[in-house]
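S.K.: The structure follows.
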């Protein structure tokens, strides 16, 4: 297949995906002593998610051909970047038979950036093409107990920045996975202690903090505003993130420090139950000239529960208090 034919194949594939995307059916602690230990249930259920282009797919050839074509459009450029990009994040099991949750942007190498003015059909086509051409690997354990498993996408929502995966076990192998129960986020309160578990910078990390702000609206792309105040005695500035849509809490801000690689990891209450999914760290420099560590965002667990229910994906519900 020559370069021209490959570009025509890409154009046809994108058009086909855009036309069929609408009709496609979806696949069915605030102190260190309270943080999840590396050998605890949370650590066993929380895994590293790694996404890379399938070496036997069309992606490597497509990226090479697009890179050689200096007339490519912004859409082709973004598509090539996503096909080539290798991304890592965090996930956590929600059933013993291998269903787990992560952030959609971990799988898709990004979100629907506002400065890229593509149509909804173009975004949907890009999402489906990236899903087809990339492999998702789940990394469990460490040292001699380290294992990699291929995973398939069971459901995905860019608007919610959520994805559900299911591990594909090798033929003849059986395994049960440690999993985390999902609580109801409508019981979250400002000041409530929480912890975040994940793999920032490729290292298992658990950090503690508290809920700072409850944000209305389910979509992670919803508008947000900063509300600033300053302590008259210390001069310390507080920044709270507010949504512009009243109603049901869909996201929340917390102070547990996170980093690149935490996306898709669980936010846990004091009992080790999932109350949110980490998805963003907003960048801002504080008064001392250091990056702020309190602008961390999570998708509320009620949004996750609704997403899983919608796609028929089982999960363990945490008992009410």
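Numbering (my numbering), first residue to last: 211 to 531. Yeah, the Cβ is synthetic: ideal placement off N, Cα and C, and Gly gets one too. It should be emphasised that the depicted structure is a prediction, and the values quoted were computed from it without experimental measurement.
Can you check the region 320-402 for any beta strand (DSSP E) of at least 3 residues that lies completely inside it and give the ranges in chain order?
M.R.: 344-350, 357-367 and 372-378, all fully within the region 320-402.
S.K.: Using the Cα positions of residue 318 and residue 492, report the straight-line distance between them to the nearest angstrom.
M.R.: Counted from its first residue, the chain shown places residue 318 at position 108. Counted from its first residue, the chain shown places residue 492 at position 282. Roughly 20 Å separates the two Cα atoms.
S.K.: In whole angstroms, give me the CA-to-CA distance for residue 515 and residue 283.
M.R.: Taking the chain shown and counting its residues from 1, one reaches residue 515 at position 305. Taking the chain shown and counting its residues from 1, one reaches residue 283 at position 73. Spanning the two alpha carbons is a distance of roughly 38 Å.
S.K.: When you compare the region 351-362 with the region 471-487, are there three or more beta-carbon pairs, one atom per stretch, that lie closer than 8 Å?
M.R.: Verdict: no, contact absent.
S.K.: Hey, how far is the Cα of residue 528 from the Cα of residue 305?
M.R.: Within the chain shown, numbered from 1, the residue matching residue 528 stands at position 318. Within the chain shown, numbered from 1, the residue matching residue 305 stands at position 95. So the alpha carbons of these two residues sit roughly 12 Å apart.
S.K.: Less than 8 Å between the CB atoms is what I'm expecting for residue 466 and residue 419, so what's the real figure, rounded?
M.R.: To locate residue 466, count along the chain shown from 1; it is residue 256. To locate residue 419, count along the chain shown from 1; it is residue 209. That belief holds up - the Cβ atoms of residue 466 and residue 419 are roughly 3 Å apart, short of 8 Å.
S.K.: Let's test the definition: count the other Cβ atoms within 10 Å of the Cβ of residue 422 and tell me whether it reaches 16, buried, or not, exposed.
M.R.: Numbered from its first residue, the chain shown carries residue 422 at position 212. With 16 or more Cβ atoms within 10 Å of its Cβ, residue 422 is classed as buried.
S.K.: Is residue 315 closer than 8 Å to residue 321 when the C-beta atoms are compared?
M.R.: Here residue 321 refers to the residue found at position 111 when the chain shown is read from its first residue. Here residue 315 refers to the residue found at position 105 when the chain shown is read from its first residue. Against a cut-off of 8 Å, the Cβ pair of residue 315 and residue 321 comes out as a contact.
S.K.: Can the beta-carbon of residue 452 be found closer than 8 Å to that of residue 435?
M.R.: One-based indexing of the chain shown puts residue 452 at position 242. One-based indexing of the chain shown puts residue 435 at position 225. In contact: residue 452 and residue 435 (Cβ atoms closer than 8 Å).
S.K.: On a CA-only basis, which of 254, 530 and 289 is nearest residue 481? Give me that one, please.
M.R.: Working through the chain shown from its first residue, we reach residue 481 at position 271. Comparing Cα-Cα distances from residue 481 to each of 254, 530 and 289, the minimum goes to 530.
S.K.: Going straight from the alpha carbon of residue 400 to that of residue 424, what length do you get?
M.R.: Here residue 400 is taken as the residue at index 190 of the chain shown, counted from 1. Here residue 424 is taken as the residue at index 214 of the chain shown, counted from 1. Looking at the two C-alpha atoms, the distance is approximately 7 Å.
S.K.: Would you report the Cα separation of residue 347 and residue 404, rounded to the nearest angstrom?
M.R.: Against the chain shown, residue 347 aligns to sequence position 137. Against the chain shown, residue 404 aligns to sequence position 194. For residue 347 and residue 404, the distance between alpha carbons rounds to 28 Å.
S.K.: Between residue 441 and chain C, is there a C-beta pair that is closer than 8 Å?
M.R.: The structure shown contains no chain C, having only a single protein chain.
S.K.: Just the C-alpha distance for residue 339 and residue 442, rounded to the nearest angstrom, thanks.
M.R.: Residue numbering aside, residue 339 sits at position 129 when the chain shown is read from its first letter. Residue numbering aside, residue 442 sits at position 232 when the chain shown is read from its first letter. For residue 339 and residue 442, the distance between alpha carbons rounds to 53 Å.
S.K.: CB-CB under 6 Å to residue 296, same chain, minus the five flanking residues each way: which ones, in chain order?
M.R.: On the chain shown, residue 296 is found 86 positions in, with the first residue counted as 1. The answer, listed in chain order, is 262.
S.K.: Tell me whether the beta-carbon of residue 363 lies closer than 8 Å to the beta-carbon of residue 343.
M.R.: The count along the chain shown starts at 1 and reaches residue 363 at position 153. The count along the chain shown starts at 1 and reaches residue 343 at position 133. No, Cβ-Cβ distance for residue 363 and residue 343 is not below 8 Å.
S.K.: Could you pull out every residue in the same chain whose Cβ sits closer than 6 Å to the Cβ of residue 449, ignoring the five residues on either side in sequence?
M.R.: Counted from its first residue, the chain shown places residue 449 at position 239. So the list reads 436 and 438, once near-sequence residues are dropped.
S.K.: With a threshold of 6 Å on Cβ separation, who are the neighbours of residue 427 within its own chain once the five nearest residues in sequence on each side are excluded?
M.R.: Taking the first residue of the chain shown as position 1, residue 427 is located at position 217. If we look at residue 427 and ignore the five residues flanking it on each side, its Cβ neighbours are 453, 455 and 460.
S.K.: If I follow the unbroken alpha helix (DSSP H) through residue 480, where does it start and stop?
M.R.: Indexing the chain shown from 1 puts residue 480 at position 270. Unbroken run through residue 480: none, as it is neither H nor E.
S.K.: At what residues does the beta strand (DSSP E) containing residue 423 begin and finish?
M.R.: Position 213 of the chain shown, counting from 1, holds the residue named residue 423. That run of the beta strand (DSSP E) goes 415-426.
S.K.: Which first and last residues belong to the beta strand (DSSP E) in which residue 302 is found?
M.R.: Residue numbering aside, residue 302 sits at position 92 when the chain shown is read from its first letter. From DSSP, the beta strand (DSSP E) with residue 302 extends over 297-303.
S.K.: Per the DSSP calculation, residue 448 is bridged to which residue(s)?
M.R.: Position 238 of the chain shown, counted from the start, is the residue given in the question as residue 448. Bridge partners of residue 448: 439.
S.K.: I'd like the span of the beta strand (DSSP E) that includes residue 506, first residue to last.
M.R.: Counted from its first residue, the chain shown places residue 506 at position 296. Residue 506 -> beta strand (DSSP E) spans 506-510.
S.K.: Short of 6 Å in beta carbon distance, which residues of its chain neighbour residue 350, apart from the five on each side in sequence? Order them along the chain.
M.R.: Walking along the chain shown from the start, residue 350 turns up at place 140. 257 and 357, listed in sequence order.
S.K.: Answer with buried or exposed for residue 378, where buried requires no fewer than 16 other C-beta atoms within 10 angstroms of its C-beta.
M.R.: Locating residue 378 in the chain shown gives position 168, where the first residue counts as 1. With fewer than 16 other Cβ atoms within 10 Å, it is exposed.
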